[in-house]
Amino acid sequence: MKQLIESDLIIKDCSILTADFDIKDNQSIVIKNQTILAVDDAAAIRENYSSLSTMDGKGKLFMPGLVDSHMHTCQQLLKGRIADEYPMIWTRIMVPFESNLTEQDVQTSAQLSCLDMIKSGTTAFVDAGGTYMHQVAESAIQSGLRGTITCSTMNTGNQIPESMKATEEEALKRNVELFDAYHGSGEGRLNVWFSLRSIISCTPSLITKVFEKAKERNTGVQTHMNEYPNEISFCLENYQKRPFEFLESLQVLDSNFLSAHSILLSENEVDIIQNHGVKVAHCPISNAGKGIPKTPSLLQKGVSVGLGTDGAAHSGLSIFDEIKTFKSLMRAYWGTPIFDPKVMPAGNLLELATLGGARAMLQEDRFGTLEVGKKADLIGIDIDQPHIQPTHNLVNGLVESVNSTDVSDMIVNGEVLMKDREVLTMDEEKIMYESKLAMESMSKRAGI
Ligand SMILES: [Zn+2]
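Taking numbering that gives the first Met the number 0, I'd label the letters of the sequence shown as residues 0 to 447.
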């Protein structure tokens, strides 16, 4: 009798989104040691592989997990608070909010974020940083998700209260401490990067040192870039250079830099991004009120682009919502004036939301596609539903019809985090209860 190859988990008889962003039906996926061991016709897998644990994939599509390339776990308790507000949201709402967050609030907010991401199909995220980040690290480790976390780093700026600023020395120390404590933890799921909140809230000396320290440790740096007109104007006034030109002049740019937003770019800045291999993360819904990014041109030049939510305060944590919004924005702004209905096709959008995110996290060799040898970071989608089926083209359907609530299952690093929408690693009822209490008391304290 033929000897079967043993594995940890087999997902049987499903459809899959292939590494070249096409659909294949009647497939099975074999997972062993956190990794995708085989993907093949269901019959071939049955003949060659065994496993104690199986998952029925009938009526489901499995695809690489979505990646939120820019978000803030600490902003979960701001949901519904900033829509339709006049400027300055930063001074009136964000500053009192952030400076009134307790360590307990940060823990609750991080747990709610992880729960929300699991239920929305996001298997990996980049947290742009806040305070008490060790609580975010612990929540991410517990949740089973893959994450890149950073500290919020600011040491200057007239719109930032003194209480939120650190000295250069303190700022660097916090980044290094978080790195030493958590980089590579959670079986390698959690990475720690260095961070600058924005160019205008950090001195040139701090900026240079943050990049230096990150390079010494071979880790990444992330920053909010080219998001607001006042940021461009500050750089022009103080440095006679636009933000990316300024960073280039400091000789800090390299391919380990993740530039969130990157909306208000000159052509020269697009060239700088391309020349240094900088990674970009757009946040379509949050960015829509500030500008439309030059994504077709960035992609044409081979720049790596990922998608982010910018945290729950702007629109929730659904990357499926970001994909839909981004498609419409790209078509309306870049496609319509030149009559190009295909300015951002569905396959490209799915690539930005998966592999683009893995590139943003500097881990495209490890995850971001469903193929043999990559980490088993997968989501299952219940496609047998009236708003999805029948369809002429399920790749288009994933962009046009599928919502985050259609995500039925999640596997990260080979571990099942959600099965048939039941989250296995977190206590949903407890987190929801604590989150409501935390939002109430925080609102009173912060007066927002
Ligand atoms: Zn942000």
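In this text, a Cβ means the ideal position worked out from N, Cα and C, and glycines have one as well.
The structure presented is a predicted model; accordingly, all values stated were derived computationally and were not measured.
Residue i versus residue j: straight-line alpha-carbon distance, rounded
i: GLU236; j: VAL251; result: 21 Å
i: ALA437; j: GLY446; result: 14 Å
i: PRO228; j: HIS69; result: 20 Å
i: LEU423; j: PHE245; result: 47 Å
i: SER317; j: THR353; result: 13 Å
i: ALA170; j: GLU161; result: 13 Å
i: PRO63; j: LEU377; result: 5 Å
i: PHE193; j: CYS201; result: 13 Å
i: PRO86; j: LYS57; result: 50 Å
i: ASN25; j: ILE272; result: 42 Å
i: LYS429; j: LEU111; result: 10 Å
i: THR404; j: CYS13; result: 19 Å
i: ILE35; j: LEU16; result: 14 Å
i: GLY301; j: GLY367; result: 17 Å
i: GLY413; j: GLU5; result: 15 Å
i: ASP67; j: GLY146; result: 9 Å
i: MET0; j: ALA375; result: 30 Å
i: ILE44; j: PHE20; result: 22 Å
i: TYR238; j: LEU205; result: 15 Å
i: ALA180; j: ILE140; result: 13 Å
DSSP state of residue i mapped onto helix, strand, coil
i: PRO86; result: coil
i: PHE124; result: strand
i: ASN395; result: helix
i: CYS13; result: strand
i: PHE20; result: coil
i: SER326; result: The sequence shown places Lys at residue 326, not Ser. It is helical.
i: HIS182; result: coil
i: HIS71; result: coil
i: PHE193; result: strand
i: GLN141; result: helix
i: ASP426; result: coil
i: GLU370; result: coil
i: VAL277; result: coil
i: PHE338; result: coil
i: TYR48; result: strand
i: SER407; result: strand
i: ILE199; result: helix
i: VAL135; result: helix
i: LEU361; result: coil
i: CYS150; result: strand
i: PRO283; result: helix
i: SER450; result: The question about residue 450 has no answer here: the residues shown for the chain are numbered 0 through 447.
i: LEU111; result: helix
i: GLN221; result: strand
i: PRO344; result: coil
i: ALA41; result: helix
i: LEU235; result: helix
i: MET448; result: The shown model of the chain, from 0 to 447, leaves out residue 448, and the question about it has no answer.
i: SER442; result: helix
i: LYS57; result: coil
Cut-off 6 Å between Cβ atoms - residues of its own chain near residue i, not counting five sequence neighbours on either side
i: LEU393; result: ILE22
i: GLY187; result: none
i: GLY276; result: SER254
i: ALA345; result: VAL394, ASN395, VAL398
CB of residue i within 8 Å of CB of residue j, strictly
i: LEU189; j: CYS150; result: no
i: ASP408; j: MET54; result: yes
i: SER197; j: THR222; result: yes
i: SER258; j: LYS278; result: yes
i: SER108; j: LEU76; result: yes
i: GLY129; j: GLU167; result: no
i: SER52; j: LEU8; result: yes
i: PRO283; j: PHE233; result: no
i: GLY372; j: GLY305; result: no
i: ALA311; j: LYS78; result: yes
i: VAL105; j: LEU369; result: no
i: LYS59; j: GLY379; result: yes
i: SER303; j: ALA359; result: yes
i: THR152; j: LEU195; result: yes
i: GLY307; j: ALA280; result: yes
Own chain residues within Cβ distance below 7 Å of residue i, not counting five before or after
i: LEU361; result: GLY219, ASN255
i: GLU427; result: LEU114
i: LYS289; result: GLU226, TYR227, ILE262
i: ARG216; result: PHE178
i: ASN267; result: GLU244
i: ARG241; result: ILE231, CYS234, LEU235, SER265, GLU268
i: ILE199; result: GLY156, GLU230, PHE233
Residues near residue i in its chain [Cβ-Cβ closer than 8 Å; skip 5 each side]
i: ASN99; result: MET441, ARG444, ALA445
i: LEU144; result: CYS113, MET116, ILE117, THR121, THR122, ALA123, PHE124, ARG188, VAL411, LEU416
i: THR207; result: LEU249, VAL251
i: VAL342; result: PRO295, MET329, ARG330, TRP333, GLY334
i: ALA18; result: THR368, LEU369, GLU370
Starting from the N-terminal end, write out each residue whose C-beta falls within a distance shorter than 6 Å of any non-hydrogen atom of ligand 1. HIS69, HIS71, ALA127, HIS223, ALA259, ASP309
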